[in-house]
Every structure is written in structure tokens, then in C-alpha cells.
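Visitor:
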Amino acid sequence: MKQNRIEVYLSFAAVVLAAIFLRLIPHIPNVAPIAALALFSGIKVPNGKGFALPLIAMVVSDYFLGFHATLPFVYVSFLFIAGIGYLLRNKKTTSKIFIGSISGSLLFYVITNFGVWATSSMYEKSISGLMNCYYMGLPFFRNTVIGDLLYVGVFFLGFRLFSLLFVLMLPSRLSRERYIGNTV
């Protein structure tokens, strides 16, 4: 039995709203949920529509946080991370999701630090300046990895728990038994 569409839409809406909320509240720099949302939505949202969810969460939260010159690099990195998720959708295992999360963190670090170097006057426009930008970004990379792994776990576990709660609300035991056997 396929998942009920209402439950699926509510689950995805809950995940996006959670990502927006978690990005808006005070947090350690780069310990944020959007890359995890990108990986999650790339894996879980059908027909490649998951690429939109992290961008929606970013645009809404950036409306409150403010826009800056490196945002195109940030947004592109999240599209690539959603692409990693999309590639994993038929091969999702805990270890592959873990590797996908680490890969996404690395992609985010490489792309966004390049964006900082390219759009700001903080670093000399040379290979040396670019390498210095990457070096100075290492503490943020550590935080990114921590945040991505944390929120990937939160989103996948939260989605599963939301699905199970939905199942408990189904009217018949037979429906619940069929449904539980077909959710991931």
C-alpha cells in the first residue's frame, strides 16, 4: 500500500517548517539543518521535486535573516546535495546516507568558501588567497559536518516517527498492518 498523500505532504511540510525554524533560532555557526533537508528531500521526495524544498526553506529564512553576495553559491551547493540524495534514493542505507551527508558537507565547504573568496575583499584574488580562505573556513567545516550529521538523523528519524504516528491513527488494524510493512 502506498503512503497516503496527505500524510506525505504533511510530513514534508513539517520537515521544511522545522528546518526554517531551526535556522532562525540562535545556533552555533554552520550547525544548520538545510543541507540535511537537501539530502533528505533528494532521497524522499518523488520525481526529483525534492530539489525545491531546501530552496524554499532558504528563501523563507533568508527573508528574515537577510540576503548576501554568497547566497548563489550556498543555494547551488544545496542543489548539489539534493542531487546526492536523488542518486541515493534507490540505494538508501544508513552507511550510504552517512557518506552522502559527509559528501554534502564537503561540497558545501568547497563551493561556499570559493564563493566567499570570489565575492568578498577579505582574501587576495590569487591561489594563495583562495587556499587561505579554505584554511580559515576549516572551523566552519567542522561545524557543518556536525550539524549535517545531527540534522540528517533528526529528519530521517522524525519522518519515520511522524509516519508511525499517522499509522496509529488509521482506523483499522488491517490497514495499519499493511501500512507498517511498506514504509521506510
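For what it's worth, the numbering used here labels the leading residue of the sequence shown as 14, then goes sequentially.
Glycine included, every Cβ here is placed at the ideal spot set by N, Cα and C.
#1: Is the CB-CB distance between Gly198 and Ile97 below 9 Å?
#2: With 16 as the cutoff for other CB atoms within 10 Å, does Gly150 come out buried or exposed?
#3: Taking the alpha-carbon positions, what's the Ser77 to Leu143 distance?
#4: Provide the residue span of the alpha helix (DSSP H) that contains Lys109, from first to last.
#5: Sorted by chain position, which residues of the same chain lie with C-beta nearer than 7 Å to Ser90's C-beta, five sequence neighbours on each side aside?
#6: Need the endpoints of the alpha helix (DSSP H) that Pro39 sits in, please.
#7: Who are the near neighbours of Val73 in its chain, counting only those whose CB is closer than 7 Å to its CB and skipping five residues on each side?
#8: Taking 8 Å as the cut-off, does the region 130-145 touch the region 98-116 (at least 3 CB pairs, one atom from each stretch)?
#9: Output the boundary residues of the alpha helix (DSSP H) element that contains Phe77.
#10: In whole angstroms, what is the alpha-carbon distance linking Ser116 and Leu52?
Guide: Quick look at the numbers:
#1: Nothing in the structure corresponds to residue 198, since the chain is present only between 14 and 197.
#2: Counting Cβ neighbours within 10 Å, Gly150 comes out buried, since at least 16 surround it.
#3: According to the sequence shown, residue 77 is Phe rather than Ser. Each residue's alpha carbon lies about 30 Å from the other.
#4: Per DSSP, the continuous alpha helix (DSSP H) segment holding Lys109 begins and ends at Thr107 to Thr132.
#5: Here Ser90 has Leu120, Phe121, Ile124 and Thr125 as same chain residues with Cβ atoms under 7 Å from its own Cβ, once five neighbours each way along the sequence are excluded.
#6: Careful: Pro39 lies outside any alpha helix (DSSP H) and carries neither H nor E.
#7: These residues qualify, in order along the chain: Ile33.
#8: Cβ pair count under 8 Å is below three, so no.
#9: Run containing Phe77: Ala65 to Leu78, per the alpha helix (DSSP H) assignment.
#10: Rounded to the nearest angstrom, the two C-alpha atoms are 10 Å apart.
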